[in-house]
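Student:
Protein chains: 2
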Amino acid sequence: MKTSFKAMSKYSIGVDFGTLSGRTVLVNVENGDEAAVSVFEYPHGVMDDRLPDGRSLGVDWALQHPLDYIGVFRATIPAVLKAAGVDPEEIIGIGIDFTACTMLPVYSDGTPLCLDNKFSSDPNAWVKLWKHHAAQNEANKLNAVAETRGEKFLKRYGGKISSEWMIPKIMQIADESPDIYKAADRFVEAADWVIWQLTGRESHNSCTAGYKAIWHKKDGFPSNDFFRELNPLFSDLPGKKLSLDISPVGVNAGGLCKEAAKLTGLKQGTAVAIANVDAHVSAPAVGITSPGKMLMIMGTSTCHILLGENEKEVPGMCGVVEDGVIAGYYGYEAGQSCVGDHFQWFVENCTPDEYVREAESRNIDIHALLTEKAEKLKPGESGLIALDWWNGNRSVLVDVDLTGVIVGLTLATRPEEIYRALVEATAFGTRMIVDTFSENGVPVDELYAAGGIAEKNPFVMQIYADVTGREIKISGSPQAPALGSAMFGAVAAGKEAGGFDTIQEAAMIMAKVKPLTFKPVTENVLLYQKLYSEYKILHDYFGRGVNSVMKNLKEIKKEARS
Amino acid sequence: MKTSFKAMSKYSIGVDFGTLSGRTVLVNVENGDEAAVSVFEYPHGVMDDRLPDGRSLGVDWALQHPLDYIGVFRATIPAVLKAAGVDPEEIIGIGIDFTACTMLPVYSDGTPLCLDNKFSSDPNAWVKLWKHHAAQNEANKLNAVAETRGEKFLKRYGGKISSEWMIPKIMQIADESPDIYKAADRFVEAADWVIWQLTGRESHNSCTAGYKAIWHKKDGFPSNDFFRELNPLFSDLPGKKLSLDISPVGVNAGGLCKEAAKLTGLKQGTAVAIANVDAHVSAPAVGITSPGKMLMIMGTSTCHILLGENEKEVPGMCGVVEDGVIAGYYGYEAGQSCVGDHFQWFVENCTPDEYVREAESRNIDIHALLTEKAEKLKPGESGLIALDWWNGNRSVLVDVDLTGVIVGLTLATRPEEIYRALVEATAFGTRMIVDTFSENGVPVDELYAAGGIAEKNPFVMQIYADVTGREIKISGSPQAPALGSAMFGAVAAGKEAGGFDTIQEAAMIMAKVKPLTFKPVTENVLLYQKLYSEYKILHDYFGRGVNSVMKNLKEIKKEARS
Numbered sequence: 001m002k003t004s005f006k007a008m009s010k011y012s013i014g015v016d017f018g019t020l021s022g023r024t025v026l027v028n029v030e031n032g033d034e035a036a037v038s039v040f041e042y043p044h045g046v047m048d049d050r051l052p053d054g055r056s057l058g059v060d061w062a063l064q065h066p067l068d069y070i071g072v073f074r075a076t077i078p079a080v081l082k083a084a085g086v087d088p089e090e091i092i093g094i095g096i097d098f099t100a101c102t103m104l105p106v107y108s109d110g111t112p113l114c115l116d117n118k119f120s121s122d123p124n125a126w127v128k129l130w131k132h133h134a135a136q137n138e139a140n141k142l143n144a145v146a147e148t149r150g151e152k153f154l155k156r157y158g159g160k161i162s163s164e165w166m167i168p169k170i171m172q173i174a175d176e177s178p179d180i181y182k183a184a185d186r187f188v189e190a191a192d193w194v195i196w197q198l199t200g201r202e203s204h205n206s207c208t209a210g211y212k213a214i215w216h217k218k219d220g221f222p223s224n225d226f227f228r229e230l231n232p233l234f235s236d237l238p239g240k241k242l243s244l245d246i247s248p249v250g251v252n253a254g255g256l257c258k259e260a261a262k263l264t265g266l267k268q269g270t271a272v273a274i275a276n277v278d279a280h281v282s283a284p285a286v287g288i289t290s291p292g293k294m295l296m297i298m299g300t301s302t303c304h305i306l307l308g309e310n311e312k313e314v315p316g317m318c319g320v321v322e323d324g325v326i327a328g329y330y331g332y333e334a335g336q337s338c339v340g341d342h343f344q345w346f347v348e349n350c351t352p353d354e355y356v357r358e359a360e361s362r363n364i365d366i367h368a369l370l371t372e373k374a375e376k377l378k379p380g381e382s383g384l385i386a387l388d389w390w391n392g393n394r395s396v397l398v399d400v401d402l403t404g405v406i407v408g409l410t411l412a413t414r415p416e417e418i419y420r421a422l423v424e425a426t427a428f429g430t431r432m433i434v435d436t437f438s439e440n441g442v443p444v445d446e447l448y449a450a451g452g453i454a455e456k457n458p459f460v461m462q463i464y465a466d467v468t469g470r471e472i473k474i475s476g477s478p479q480a481p482a483l484g485s486a487m488f489g490a491v492a493a494g495k496e497a498g499g500f501d502t503i504q505e506a507a508m509i510m511a512k513v514k515p516l517t518f519k520p521v522t523e524n525v526l527l528y529q530k531l532y533s534e535y536k537i538l539h540d541y542f543g544r545g546v547n548s549v550m551k552n553l554k555e556i557k558k559e560a561r562s
Numbered sequence: 001m002k003t004s005f006k007a008m009s010k011y012s013i014g015v016d017f018g019t020l021s022g023r024t025v026l027v028n029v030e031n032g033d034e035a036a037v038s039v040f041e042y043p044h045g046v047m048d049d050r051l052p053d054g055r056s057l058g059v060d061w062a063l064q065h066p067l068d069y070i071g072v073f074r075a076t077i078p079a080v081l082k083a084a085g086v087d088p089e090e091i092i093g094i095g096i097d098f099t100a101c102t103m104l105p106v107y108s109d110g111t112p113l114c115l116d117n118k119f120s121s122d123p124n125a126w127v128k129l130w131k132h133h134a135a136q137n138e139a140n141k142l143n144a145v146a147e148t149r150g151e152k153f154l155k156r157y158g159g160k161i162s163s164e165w166m167i168p169k170i171m172q173i174a175d176e177s178p179d180i181y182k183a184a185d186r187f188v189e190a191a192d193w194v195i196w197q198l199t200g201r202e203s204h205n206s207c208t209a210g211y212k213a214i215w216h217k218k219d220g221f222p223s224n225d226f227f228r229e230l231n232p233l234f235s236d237l238p239g240k241k242l243s244l245d246i247s248p249v250g251v252n253a254g255g256l257c258k259e260a261a262k263l264t265g266l267k268q269g270t271a272v273a274i275a276n277v278d279a280h281v282s283a284p285a286v287g288i289t290s291p292g293k294m295l296m297i298m299g300t301s302t303c304h305i306l307l308g309e310n311e312k313e314v315p316g317m318c319g320v321v322e323d324g325v326i327a328g329y330y331g332y333e334a335g336q337s338c339v340g341d342h343f344q345w346f347v348e349n350c351t352p353d354e355y356v357r358e359a360e361s362r363n364i365d366i367h368a369l370l371t372e373k374a375e376k377l378k379p380g381e382s383g384l385i386a387l388d389w390w391n392g393n394r395s396v397l398v399d400v401d402l403t404g405v406i407v408g409l410t411l412a413t414r415p416e417e418i419y420r421a422l423v424e425a426t427a428f429g430t431r432m433i434v435d436t437f438s439e440n441g442v443p444v445d446e447l448y449a450a451g452g453i454a455e456k457n458p459f460v461m462q463i464y465a466d467v468t469g470r471e472i473k474i475s476g477s478p479q480a481p482a483l484g485s486a487m488f489g490a491v492a493a494g495k496e497a498g499g500f501d502t503i504q505e506a507a508m509i510m511a512k513v514k515p516l517t518f519k520p521v522t523e524n525v526l527l528y529q530k531l532y533s534e535y536k537i538l539h540d541y542f543g544r545g546v547n548s549v550m551k552n553l554k555e556i557k558k559e560a561r562s
């Protein structure tokens with residue numbers, strides 16, 4: 001028996017498919033509050049060593065098992081309903097977000113080829129996870145062909161297509177297992193595949209198509225000529241093995257089918273939103289539904305999402321996609337390849353024994369100790385400046401061969417000074433991205449942050465505010481992607497069903513930022529302005545080819561090892 | 001009773017006055033073998049806090065007590081005679097070397113003003129040790145005046161006179177304690193003062209006069225006009241308070257006087273050599289008595305000594321002095337301000353806990369552990385390159401405001417790779433000095449090394465051989481300065497007394513290098529040639545004003561702290 005008060009509520013479900021687990025959040029549509037959370041770890045995790053049948057995998061492979069995703073629905077949706085004491089009648093919609101590009105070959109009915117005994121022992125039949133890096137040769141070939149042909153799509157992706165994306169992954173399948181290529185009716189994003197399992201009908205979202213599969217709302221996929229040059233088999237790729245039926249994010253993908261209703265305990269016909277991607281779906285979760293507001297999702301690396309009114313060529317961005325984030329706008333994505341990883345490297349490799357002992361004796365984390373010491377320093381007080389390229393530079397230089405630099409070391413330099421310089425370096429990297437967007441016609445007026453660092457590290461966030469000279473708002477939900485997915489679920493349901501007609505309306509009610517924001521401190525802004533001027537000079541000197549020492553060192557390294 | 005065999009031997013004594021102690025070595029003149037060693041720690045050590053009477057000292061002061069030096073003679077000379085069972089009759093000569101510029105004001109009879117009750121409570125009456133740094137304002141004034149006047153002596157000292165040297169130290173005395181300046185009959189190097197105590201007559205050596213007191217064999221001291229501009233009191237400085245009677249190193253300063261014979265237990269009249277300096281006296285101890293051979297004395301910092309046929313202007317050297325090292329040649333000195341200090345900084349600030357534990361569990365030094373790991377790497381394999389400017393750059397840039405740089409860091413960079421890069425950076429710094437001498441008409445054909453690092457660190461020495469492309473010979477004596485001093489003692493005695501007529505003859509018999517040398521490995525030389533090309537580009541970019549980021553960072557640091 002529910003109370004009449006409770007019976008008045010409407011809920012939406014957001015499911016966030018991560019690298020190791022799926023997380024489902026039940027959200028109150030009237031205020032965005034989370035009523036329950038449930039997490040399901042994929043039984044097969046990331047398969048980077050061997051297939052379920054024991055067959056071993058090559059270097060840089062990373063696969064997943066599609067039934068693990070079904071397991072997420074089966075385990076977590078009933079769990080959140082039960083935990084919150086909510087009736088399936090009260091659930092108006094469901095949305096999901098996924099890692100991308102995570103893709104698989106399927107038959108026309110959606111059955112994955114890896115579940116067909118004929119192909120299950122071939123690694124190329126399985127789900128290739130976003131971080132599957134074994135298609136680098138294919139990506140190199142794709143980029144070379146595209147450059148030779150002067151393909152204009154390259155500029156939309158900062159000049160380079162990543163080996164993590166859809167076309168190199170399909171190329172690898174066609175190169176290594178042409179029988180699988182031929183047998184597959186479709187290559188689909190796992191994001192779209194799980195929606196297919198919920199609705200019983202195929203659909204494709206503009207976000208993954210645009211950012212990961214070189215699709216453009218007006219130009220479509222690259223030309224057949226281009227694809228044939230990649231592989232003669234590819235004459236049937238776009239339009240046949242890659243669907244042209246692509247929907248903007250935010251639309252309804254269909255109602256929950258009978259099988260999925262049984263699987264989840266939800267009502268058949270419950271509205272399902274078109275699929276989405278973890279980073280991009282977080283934008284409306286913090287209230288970003290219009291241009292000028294950049295979201296930084298800060299973890300081991302940082303992903304930047306920004307909306308624009310027009311399609312501009314911004315140097316070094318990861319992609320620009322019409323309807324890619326919010327329908328009606330151009331969604332821009334940029335990235336920094338090394339942020340939390342940067343700080344972790346320092347802790348693991350450069351923290352002296354004395355500090356480890358101090359942290360142990362005070363029973364605090366070593367990051368916390370370094371932060372405590374680094375926080376006492378003023379901007380510029382260390383005399384250090386670093387280039388944040390420990391893992392190359394994604395935006396704005398798009399160069400994996402760049403490496404890290406520290407300038408200003410003295411015999412008096414202390415570990416916390418280097419730690420702070422590394423944090424500042426990532427903030428300067430962000431400022432470079434913000435400035436590059438602004439200078440190329442995509443203004444950045446406000447900053448928002450989500451992810452582990454944004455949640456937990458006020459020291460880092462204050463530096464970002466001081467370096468960028470902008471107030472930073474922090475996601476109010478620790479699970480911004482799932483909240484965003486639930487919001488799209490409520491939009492798929494529509495206003496009549498108790499949801500919303502647009503994501504903008506949903507954001508007005510459901511989006512969450514914390515009351516506490518990080519405001520730039522004028523004194524610090526002025527000091528960082530000076531330091532940033534120095535950073536820019538070093539950035540351009542080492543990053544734009546004036547001194548190619550970093551690449552030369554990599555060449556010498558190869559020679560030394562050979 | 002001595003055996004008749006023993007009675008045939010001839011010995012010389014070398015006394016090396018260091019920063020904290022004096023070390024006396026008894027050396028067999030017939031083969032250079034050390035018969036006995038004795039060390040005496042100065043009872044007053046370095047007085048950087050207060051005078052013996054309790055009066056406290058200012059920041060950057062460093063004084064010594066002259067009677068501590070007498071204590072060295074009193075304690076160690078009888079001790080080595082006794083330990084070796086050698087009769088005073090067998091001692092043909094004595095030589096000393098000292099830190100420099102270590103100076104004191106004295107009366108005309110050699111009595112230090114600090115031993116006169118009238119002045120003993122004034123810090124300016126005491127011995128100013130080489131590392132007394134409280135005369136920086138005076139050095140700045142001296143350099144400014146010299147530059148304005150276009151004094152050509154500046155070029156002999158790399159463009160700058162150090163605050164550690166004689167004239168700034170006298171300026172400080174005159175500025176702060178004009179009564180002491182007026183009362184002093186002489187300002188003398190402690191090196192010359194201890195010889196005065198041995199012989200009973202005043203003498204002055206060309207090495208300290210040339211390297212530390214701006215004296216030139218042909219031009220003498222700077223002009224009276226110049227000195228008057230420094231301080232009106234200075235009209236009587238050269239020729240009165242600074243003696244013009246300066247002898248080349250290697251000559252006889254006189255015979256041991258009666259009081260000194262009593263003090264030391266040696267025979268009155270035993271030959272005493274003119275005073276010398278620790279670094280410079282080490283050159284003949286490894287057999288360097290002619291041009292083309294560079295000695296590197298490697299410890300916390302490195303001092304380079306080289307002979308030339310002519311006086312050349314070599315950018316960034318510390319000084320060139322005719323007869324400054326070996327009579328008849330121009331002695332060149334250069335320096336690297338941070339070598340062992342560099343590695344020690346890394347150990348103290350950047351060695352992870354894991355390594356400290358490993359070293360502890362294996363009961364080895366952390367340097368040894370890092371060396372063991374770093375030794376396994378090939379040149380260039382780390383992908384790192386560093387500029388060795390953690391303590392500024394002495395030669396060849398003469399710029400204390402330069403700072404350290406590391407380029408090439410990645411998430412895979414390990415501590416031993418950074419450690420090795422720091423070692424390599426100091427080797428590149430040496431190569432830069434070697435090349436600069438060669439390119440400016442002072443050829444460097446062979447390398448010799450002495451000091452703690454040369455003695456104990458084959459890993460470092462092999463890198464130096466590979467980077468410079470030159471074989472490196474290592475001092476055969478761990479106390480090269482004392483051996484060199486004993487050699488000069490034997491030269492002061494002369495061939496008739498069983499010694500030698502020239503330092504060249506002494507070196508043929510008494511100089512020592514180890515049988516094991518470090519030879520460049522061709523494969524490594526080729527890799528380091530490539531790395532050095534990269535080093536040079538960075539060296540000139542950051543060091544010669546193309547990018548003044550290091551100085552700007554120091555300015556920003558000051559602003560942040562103000």
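Heads up: the sequence lines are chains A and B, in that order.
Counted from 1, the first sequence has number 237 at position 237 by the working numbering; the numbering is strictly sequential.
Counted from 1, the second sequence has number 323 at position 323 by the working numbering; the numbering is strictly sequential.
The C-beta atom is built at its ideal place from N, Cα and C for all residues, glycine as well.
Remember, it's a predicted structure, so these values are computed and weren't measured experimentally.
1) Should Gly452(A) be flagged as near chain B, meaning a C-beta pair shorter than 8 angstroms?
2) State yes or no: is the beta carbon of Lys2(A) nearer than 8 angstroms to at least one beta carbon in chain B?
3) Put Lys128(B) into one of helix, strand or coil per three-state DSSP.
4) Assign Thr371(B) to one of three DSSP states: helix, strand, or coil.
5) Name, going along the chain, the residues of the region 325-358 of chain A whose beta-carbon falls closer than 9 angstroms to a beta-carbon of chain B.
6) Between Ala100(B) and Val277(B), how many whole angstroms is the CB-CB distance? I'm expecting something under 8 angstroms.
7) Between Ala279(A) and Ile305(A), what straight-line distance do the alpha-carbon atoms span, to the nearest angstrom?
8) Tell me the DSSP secondary structure of Thr19(B) in three-state form.
9) Mind checking who Phe153(A) pairs with in its DSSP beta bridge?
10) Give the range of the beta strand (DSSP E) segment to which Asn552(B) is assigned.
11) Is the shortest distance between the beta-carbon of Lys182(B) and the beta-carbons of chain C less than 8 angstroms?
12) Using 8 angstroms as the limit for Cβ to Cβ distance, is Lys155(B) near chain A?
13) Using a Cβ-Cβ distance under 8 angstroms, would Gly319(A) count as near chain B?
14) What are the complete beta strand (DSSP E) segments, minimum 3 residues, inside the region 295-374 of chain A?
15) Between the region 535-556 of chain B and chain A, which residues of the former have CB atoms less than 8 angstroms from a CB of the latter, in chain order?
16) Does the separation of the CB atoms of Ile77(A) and Thr264(A) fall below 8 angstroms?
17) Taking a contact to mean a Cβ-Cβ separation below 8 angstroms, would you say Gly497(B) touches Ile92(B) in this structure?
18) Taking the C-alpha atoms as reference points, what is the distance between Met421(B) and Leu384(B)?
19) Per DSSP, Tyr11(A) is paired with what?
20) Relative to the C-alpha of Lys293(B), which candidate in Ala374(B), Tyr332(B), Val320(B) and Leu266(B) has its C-alpha closest?
21) How long is the line joining the alpha carbons of Tyr535(B) and Leu237(B), rounded to whole angstroms?
Tutor: Reading it off the structure:
1) Here residue 452(A) is taken as the residue at index 452 of the first sequence, counted from 1. Not closer than 8 angstroms to any Cβ of chain B, the Cβ of Gly452(A) fails to qualify, so no.
2) As a position in the first sequence, residue 2(A) is number 2, starting the count at 1. Its pLDDT being 43, under 50, Lys2(A) is placed unreliably in this model, and the value from its coordinates should be taken loosely. No - not a single Cβ of chain B is within 8 angstroms of the one on Lys2(A).
3) As a position in the second sequence, residue 128(B) is number 128, starting the count at 1. Note: Lys128(B) maps to strand in three-state DSSP.
4) As a working mapping, residue 371(B) is identified with position 371 in the second sequence. Correct three-state label for Thr371(B): helix.
5) Cys338, Asp341, His342, Gln344, Trp345, Val347, Glu348, Asn349, Cys350, Thr351, Pro352, Asp353, Glu354, Tyr355, Val356 and Arg357
6) The sequence position of residue 100(B) within the second sequence is 100, counting from 1. The sequence position of residue 277(B) within the second sequence is 277, counting from 1. So it is a contact: roughly 5 angstroms between Cβ atoms.
7) Position 279 of the first sequence holds residue 279(A). Position 305 of the first sequence holds residue 305(A). Spanning the two alpha carbons is a distance of roughly 8 angstroms.
8) Residue numbering aside, residue 19(B) sits at position 19 when the second sequence is read from its first letter. Of the three classes helix, strand and coil, the one that applies to Thr19(B) here is coil, per DSSP.
9) Your numbering for residue 153(A) matches position 153 in the first sequence. Paired residues: none, contrary to the question.
10) For the purposes of this step, residue 552(B) is taken as residue 552 along the second sequence, with counting starting at 1. Unbroken run through Asn552(B) is the alpha helix (DSSP H), Val549 to Arg561; no beta strand (DSSP E).
11) No chain C appears in this structure, whose protein chains are A and B.
12) Along the second sequence, one-based indexing puts residue 155(B) at 155. Chain A contact via Cβ: absent.
13) Within the first sequence, residue 319(A) is the residue found at index 319, counting from 1. No, because no Cβ of chain B sits closer than 8 angstroms to the Cβ of Gly319(A).
14) 302-308, 319-322 and 330-336
15) Ile537, Leu538, Tyr541, Phe542, Asn547, Val549, Met550, Asn552, Leu553, Lys554 and Ile556
16) Walking along the first sequence from the start, residue 77(A) turns up at place 77. Walking along the first sequence from the start, residue 264(A) turns up at place 264. Yes, Cβ-Cβ distance for Ile77(A) and Thr264(A) is below 8 angstroms.
17) As a working note, residue 497(B) is residue 497 in the second sequence. As a working note, residue 92(B) is residue 92 in the second sequence. With the sequence shown as reference, residue 497(B) is identified as Ala, and Gly is not the correct amino acid for it. Yes; because the gap between Cβ atoms is below 8 angstroms, this pair is in contact.
18) In the second sequence, counting from the first residue as 1, residue 421(B) sits at position 421. In the second sequence, counting from the first residue as 1, residue 384(B) sits at position 384. Here the sequence assigns Ala to residue 421(B), which means Met is not the residue at that position. Using only the alpha carbons, I get a separation of about 6 angstroms.
19) In the first sequence, the residue the question calls residue 11(A) occupies position 11. For Tyr11(A), which the question treats as bridged, DSSP gives the partners Asn28(A) and Ile91(A).
20) Locating residue 293(B) in the second sequence gives position 293, where the first residue counts as 1. The candidate whose alpha carbon is nearest that of Lys293(B) is Tyr332(B).
21) The residue you call residue 535(B) lines up with position 535 of the second sequence. The residue you call residue 237(B) lines up with position 237 of the second sequence. Going by the C-alpha atoms only, they are around 45 angstroms apart.
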